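Residue numbers (this note's numbering): 22 to 282. This report concerns only the one structure given below.
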(Lines of atoms letter the chains of each structure in order from A; the text may use other names.)
(Lines give C-alpha, C1' and ligand atoms only; values in the text may rest on other atoms or scores of the structure.)
Protein backbone atom coordinates (compact mmCIF):
# COMPACT_ATOMS: atom_id res chain seq x y z
CA UNK A 22 0.00 0.00 0.00
CA UNK A 23 2.79 2.42 0.87
CA UNK A 24 4.49 1.75 -2.46
CA UNK A 25 1.28 2.30 -4.42
CA UNK A 26 0.56 5.51 -2.53
CA UNK A 27 4.09 6.73 -3.21
CA UNK A 28 4.24 5.81 -6.91
CA UNK A 29 0.55 6.54 -7.67
CA UNK A 30 0.35 3.65 -10.13
CA UNK A 31 0.73 -0.14 -10.03
CA UNK A 32 0.52 -3.17 -12.32
CA UNK A 33 -0.86 -6.01 -10.23
CA UNK A 34 -1.29 -9.72 -10.79
CA UNK A 35 -4.59 -11.47 -10.01
CA UNK A 36 -5.34 -12.56 -6.45
CA UNK A 37 -8.12 -15.00 -5.57
CA UNK A 38 -10.17 -14.82 -2.38
CA UNK A 39 -11.11 -18.30 -1.05
CA UNK A 40 -14.85 -18.96 -1.25
CA UNK A 41 -16.59 -19.11 2.11
CA UNK A 42 -13.37 -18.65 4.08
CA UNK A 43 -14.36 -15.48 5.86
CA UNK A 44 -11.32 -13.75 4.38
CA UNK A 45 -11.98 -10.36 2.83
CA UNK A 46 -11.05 -9.79 -0.80
CA UNK A 47 -7.64 -8.19 -1.32
CA UNK A 48 -9.01 -6.36 -4.35
CA UNK A 49 -11.95 -4.95 -2.41
CA UNK A 50 -9.60 -3.85 0.36
CA UNK A 51 -7.31 -2.07 -2.11
CA UNK A 52 -10.19 -0.30 -3.79
CA UNK A 53 -11.63 0.92 -0.51
CA UNK A 54 -8.32 1.83 1.13
CA UNK A 55 -7.04 3.79 -1.89
CA UNK A 56 -10.50 5.01 -2.96
CA UNK A 57 -10.12 3.47 -6.41
CA UNK A 58 -13.73 4.19 -7.20
CA UNK A 59 -13.78 3.48 -10.94
CA UNK A 60 -13.29 0.01 -12.38
CA UNK A 61 -12.55 0.41 -16.09
CA UNK A 62 -12.81 -2.68 -18.29
CA UNK A 63 -12.67 -2.52 -22.11
CA UNK A 64 -13.89 -5.47 -24.18
CA UNK A 65 -13.20 -5.86 -27.89
CA UNK A 66 -12.79 -8.59 -30.46
CA UNK A 67 -9.23 -9.70 -31.24
CA UNK A 68 -8.23 -11.67 -34.35
CA UNK A 69 -7.77 -15.36 -33.66
CA UNK A 70 -9.92 -15.47 -30.52
CA UNK A 71 -12.94 -17.73 -31.20
CA UNK A 72 -16.30 -16.05 -30.61
CA UNK A 73 -19.65 -16.13 -32.45
CA UNK A 74 -19.86 -12.33 -32.19
CA UNK A 75 -18.26 -9.55 -34.17
CA UNK A 76 -17.99 -5.78 -33.90
CA UNK A 77 -17.98 -5.88 -30.09
CA UNK A 78 -16.27 -2.82 -28.61
CA UNK A 79 -17.71 -2.14 -25.16
CA UNK A 80 -16.28 -0.35 -22.14
CA UNK A 81 -17.67 -1.22 -18.70
CA UNK A 82 -17.34 1.46 -16.02
CA UNK A 83 -18.18 -0.10 -12.67
CA UNK A 84 -18.50 1.73 -9.35
CA UNK A 85 -15.97 0.16 -7.03
CA UNK A 86 -16.54 1.26 -3.45
CA UNK A 87 -20.08 0.52 -2.32
CA UNK A 88 -23.26 -1.45 -3.15
CA UNK A 89 -23.45 -5.03 -1.83
CA UNK A 90 -19.67 -5.29 -2.13
CA UNK A 91 -19.17 -2.75 0.64
CA UNK A 92 -18.69 -5.80 2.83
CA UNK A 93 -21.16 -4.60 5.46
CA UNK A 94 -22.63 -7.91 6.57
CA UNK A 95 -24.32 -9.34 9.64
CA UNK A 96 -23.87 -13.03 10.41
CA UNK A 97 -26.70 -15.42 11.23
CA UNK A 98 -27.47 -15.69 14.94
CA UNK A 99 -25.30 -12.70 15.95
CA UNK A 100 -26.62 -10.15 18.44
CA UNK A 101 -26.08 -7.37 15.89
CA UNK A 102 -28.21 -9.22 13.37
CA UNK A 103 -30.97 -9.72 15.92
CA UNK A 104 -30.96 -5.98 16.68
CA UNK A 105 -31.05 -5.15 12.98
CA UNK A 106 -33.94 -7.52 12.29
CA UNK A 107 -35.84 -6.06 15.21
CA UNK A 108 -35.23 -2.54 13.91
CA UNK A 109 -36.45 -3.48 10.43
CA UNK A 110 -39.56 -5.10 11.87
CA UNK A 111 -40.42 -2.07 13.99
CA UNK A 112 -39.79 0.55 11.30
CA UNK A 113 -41.20 -1.18 8.22
CA UNK A 114 -43.53 -3.87 9.52
CA UNK A 115 -41.64 -6.45 7.47
CA UNK A 116 -40.52 -9.54 9.33
CA UNK A 117 -37.27 -11.19 8.29
CA UNK A 118 -36.64 -14.80 9.31
CA UNK A 119 -34.66 -15.01 12.55
CA UNK A 120 -32.08 -17.35 11.01
CA UNK A 121 -31.09 -14.83 8.34
CA UNK A 122 -27.75 -13.32 7.44
CA UNK A 123 -27.92 -9.75 6.12
CA UNK A 124 -25.85 -7.73 3.65
CA UNK A 125 -26.39 -4.01 3.13
CA UNK A 126 -26.75 -2.53 -0.35
CA UNK A 127 -25.31 0.97 -0.05
CA UNK A 128 -25.78 3.48 -2.88
CA UNK A 129 -24.81 7.10 -2.29
CA UNK A 130 -25.42 10.16 -4.42
CA UNK A 131 -21.75 11.11 -4.07
CA UNK A 132 -20.41 7.80 -5.41
CA UNK A 133 -23.08 7.64 -8.12
CA UNK A 134 -22.29 11.12 -9.35
CA UNK A 135 -18.55 10.63 -9.57
CA UNK A 136 -18.76 7.26 -11.35
CA UNK A 137 -21.20 8.57 -13.97
CA UNK A 138 -19.04 11.66 -14.40
CA UNK A 139 -16.01 9.39 -14.83
CA UNK A 140 -17.86 7.40 -17.51
CA UNK A 141 -18.94 10.53 -19.38
CA UNK A 142 -15.45 12.05 -19.18
CA UNK A 143 -13.97 8.79 -20.44
CA UNK A 144 -16.44 8.73 -23.34
CA UNK A 145 -15.61 12.31 -24.28
CA UNK A 146 -11.83 11.81 -24.04
CA UNK A 147 -11.88 8.58 -26.05
CA UNK A 148 -14.28 9.58 -28.81
CA UNK A 149 -17.07 7.39 -27.48
CA UNK A 150 -20.58 8.43 -28.44
CA UNK A 151 -22.95 6.92 -25.89
CA UNK A 152 -23.16 6.12 -22.18
CA UNK A 153 -25.78 3.67 -20.87
CA UNK A 154 -26.63 3.52 -17.16
CA UNK A 155 -27.62 0.03 -15.98
CA UNK A 156 -29.98 -0.39 -13.01
CA UNK A 157 -32.96 -2.10 -11.38
CA UNK A 158 -34.75 1.07 -10.31
CA UNK A 159 -38.09 -0.52 -11.14
CA UNK A 160 -37.65 -2.77 -8.09
CA UNK A 161 -35.01 -1.07 -5.92
CA UNK A 162 -36.64 2.33 -6.02
CA UNK A 163 -34.56 4.04 -3.33
CA UNK A 164 -31.05 2.67 -3.96
CA UNK A 165 -31.01 2.08 -7.72
CA UNK A 166 -33.52 4.90 -8.07
CA UNK A 167 -30.95 7.24 -6.55
CA UNK A 168 -28.26 5.94 -8.90
CA UNK A 169 -30.49 6.40 -11.95
CA UNK A 170 -31.71 9.88 -11.03
CA UNK A 171 -28.16 10.99 -10.32
CA UNK A 172 -26.97 9.54 -13.64
CA UNK A 173 -29.65 11.45 -15.51
CA UNK A 174 -28.68 14.68 -13.79
CA UNK A 175 -24.99 14.23 -14.58
CA UNK A 176 -25.71 13.31 -18.21
CA UNK A 177 -27.31 16.72 -18.74
CA UNK A 178 -23.85 18.25 -18.30
CA UNK A 179 -22.55 16.34 -21.35
CA UNK A 180 -24.49 17.56 -24.37
CA UNK A 181 -22.07 15.88 -26.78
CA UNK A 182 -22.60 12.40 -25.30
CA UNK A 183 -25.76 10.39 -25.98
CA UNK A 184 -27.22 8.99 -22.77
CA UNK A 185 -29.78 6.30 -22.07
CA UNK A 186 -30.57 3.83 -19.32
CA UNK A 187 -31.56 0.17 -19.31
CA UNK A 188 -32.76 -2.39 -16.80
CA UNK A 189 -30.14 -4.95 -15.81
CA UNK A 190 -32.09 -7.98 -17.04
CA UNK A 191 -32.86 -6.30 -20.36
CA UNK A 192 -29.19 -5.42 -20.72
CA UNK A 193 -28.17 -9.07 -20.29
CA UNK A 194 -30.54 -10.08 -23.06
CA UNK A 195 -29.53 -7.26 -25.40
CA UNK A 196 -25.81 -7.89 -24.89
CA UNK A 197 -26.14 -11.36 -26.39
CA UNK A 198 -28.65 -10.26 -29.04
CA UNK A 199 -27.11 -7.03 -30.32
CA UNK A 200 -23.88 -6.22 -28.47
CA UNK A 201 -22.89 -3.66 -31.08
CA UNK A 202 -25.59 -1.28 -29.83
CA UNK A 203 -23.58 -0.62 -26.65
CA UNK A 204 -20.65 1.72 -26.21
CA UNK A 205 -19.90 2.70 -22.59
CA UNK A 206 -21.83 1.03 -19.75
CA UNK A 207 -21.88 2.59 -16.28
CA UNK A 208 -23.35 0.67 -13.38
CA UNK A 209 -23.26 -0.02 -9.65
CA UNK A 210 -20.66 -2.35 -8.20
CA UNK A 211 -22.68 -5.56 -7.85
CA UNK A 212 -24.15 -5.52 -11.36
CA UNK A 213 -20.80 -4.55 -12.81
CA UNK A 214 -19.29 -7.81 -11.63
CA UNK A 215 -21.72 -9.92 -13.66
CA UNK A 216 -21.89 -7.69 -16.72
CA UNK A 217 -18.09 -7.71 -16.89
CA UNK A 218 -18.06 -11.51 -17.04
CA UNK A 219 -20.79 -11.51 -19.67
CA UNK A 220 -18.83 -9.07 -21.83
CA UNK A 221 -15.72 -11.22 -21.50
CA UNK A 222 -17.79 -14.09 -22.87
CA UNK A 223 -18.79 -11.95 -25.85
CA UNK A 224 -15.16 -11.40 -26.85
CA UNK A 225 -14.21 -15.03 -26.29
CA UNK A 226 -12.31 -15.22 -23.03
CA UNK A 227 -11.35 -13.59 -19.74
CA UNK A 228 -7.84 -14.02 -21.09
CA UNK A 229 -8.25 -10.98 -23.35
CA UNK A 230 -9.95 -8.76 -20.77
CA UNK A 231 -7.71 -6.12 -19.13
CA UNK A 232 -8.79 -3.82 -16.35
CA UNK A 233 -7.97 -0.81 -14.22
CA UNK A 234 -9.07 0.47 -10.84
CA UNK A 235 -8.78 4.24 -10.87
CA UNK A 236 -9.13 6.96 -8.25
CA UNK A 237 -8.52 10.69 -8.37
CA UNK A 238 -4.73 10.35 -8.24
CA UNK A 239 -3.94 6.62 -7.95
CA UNK A 240 -4.52 3.79 -10.44
CA UNK A 241 -3.97 0.03 -10.21
CA UNK A 242 -4.00 -2.04 -13.41
CA UNK A 243 -4.67 -5.78 -13.52
CA UNK A 244 -6.32 -8.49 -15.63
CA UNK A 245 -9.98 -9.09 -14.87
CA UNK A 246 -9.59 -12.83 -14.31
CA UNK A 247 -8.67 -14.59 -11.08
CA UNK A 248 -5.41 -16.31 -10.21
CA UNK A 249 -6.44 -19.78 -11.53
CA UNK A 250 -3.81 -21.72 -9.54
CA UNK A 251 -4.91 -25.02 -11.09
CA UNK A 252 -3.30 -23.91 -14.36
CA UNK A 253 0.06 -22.98 -12.80
CA UNK A 254 2.97 -24.38 -14.80
CA UNK A 255 0.70 -25.81 -17.47
CA UNK A 256 1.46 -23.31 -20.24
CA UNK A 257 -2.28 -22.90 -20.82
CA UNK A 258 -3.12 -19.42 -19.56
CA UNK A 259 -3.53 -16.59 -22.06
CA UNK A 260 -1.22 -13.72 -21.01
CA UNK A 261 -2.99 -11.10 -23.13
CA UNK A 262 -5.13 -9.73 -20.30
CA UNK A 263 -2.01 -8.97 -18.26
CA UNK A 264 -0.20 -7.49 -21.26
CA UNK A 265 -3.21 -5.36 -22.23
CA UNK A 266 -3.49 -4.13 -18.64
CA UNK A 267 0.08 -2.93 -19.03
CA UNK A 268 -0.93 -1.17 -22.24
CA UNK A 269 -3.75 0.55 -20.36
CA UNK A 270 -1.26 1.65 -17.72
CA UNK A 271 1.06 3.14 -20.34
CA UNK A 272 -1.80 5.10 -21.86
CA UNK A 273 -2.80 6.34 -18.41
CA UNK A 274 0.80 7.54 -17.92
CA UNK A 275 0.71 9.41 -21.22
CA UNK A 276 3.01 6.92 -22.97
CA UNK A 277 0.75 6.36 -25.98
CA UNK A 278 3.61 5.72 -28.43
CA UNK A 279 5.04 2.98 -26.23
CA UNK A 280 1.56 1.52 -25.66
CA UNK A 281 0.93 1.35 -29.41
CA UNK A 282 4.02 -0.80 -29.88
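The beta-carbon is built from N, C-alpha and C at its ideal position, and this holds for glycine as well. None of these values were measured; they are calculated from a predicted model.
Does the region 204-223 touch the region 96-111, meaning 3 or more C-beta pairs lie closer than 8 Å? no
Closest to residue 222 by C-alpha separation, out of 79, 134 and 83, would be which residue? For the options 79, 134 and 83, the alpha carbon positioned closest to that of residue 222 is the one of 79.
Quick one: complete beta strand (DSSP E) runs, 3+ long, within the region 165-238? The region 165-238 contains these whole beta strand (DSSP E) runs: 183-188, 205-208 and 231-235.
Considering only C-alpha positions, which residue in the set 185, 209 and 213 is nearest to residue 202? 185
Strictly by DSSP, which residues pair up with residue 242? Listed as beta-bridge partners of residue 242 by DSSP are 32 and 233.
Determine the DSSP secondary structure at residue 163, reduced to helix, strand or coil. In the structure shown, residue 163 sits in coil (DSSP, three-state: anything other than H, G, I, E or B).
Per DSSP, cross-strand counterpart(s) of residue 60: 83 and 234
Where does residue 113 fall in DSSP's three states? helix
Same chain, Cβ closer than 8 Å to residue 117, five either side skipped, listed in chain order: 106, 109, 110 and 123
Distance between residue 187 and residue 254 (C-alpha atoms, nearest Å): 43 Å
For residue 127, report the span of its alpha helix (DSSP H) as first-last. No alpha helix (DSSP H) contains residue 127, which DSSP labels as neither H nor E.
Is residue 62 closer than 8 Å to residue 245 when the C-beta atoms are compared? Taking a C-beta distance under 8 Å as the contact criterion, residue 245 and residue 62 qualify as a contact pair.
Between residue 152 and residue 207, is the Cβ-Cβ spacing less than 8 Å? yes
Of the listed residues 281, 277, 237 and 233, nearest to residue 64 (C-alpha basis): 233
In the DSSP assignment, the beta strand (DSSP E) including residue 152 goes from what residue to what residue? 151-156
Quick check: the Cα distance between residue 68 and residue 225, rounded to an integer number of angstroms? Across the structure, residue 68 and residue 225 are spaced so that their CA atoms are roughly 11 Å apart.
Exposure label - residue 180; buried when at least 16 CB within 10 Å: exposed
Boundaries of the alpha helix (DSSP H) in which residue 89 is found, first to last residue: Counting along the chain, residue 89 falls outside any alpha helix (DSSP H), and DSSP gives it neither H nor E.
Grab the span of the alpha helix (DSSP H) containing residue 266 for me, first residue to last. 261-273
If you compare alpha carbons, which of 92, 267, 34 and 260 is closest to residue 285? One cannot answer for residue 285 here, as it falls past the ends of the chain, which runs 22 to 282.
From this set, 36, 136 and 198, which residue's C-alpha is nearest residue 173's C-alpha? 136
Taking residue 85 as the reference, give the member of 210, 238 and 231 with the closest Cα. 210
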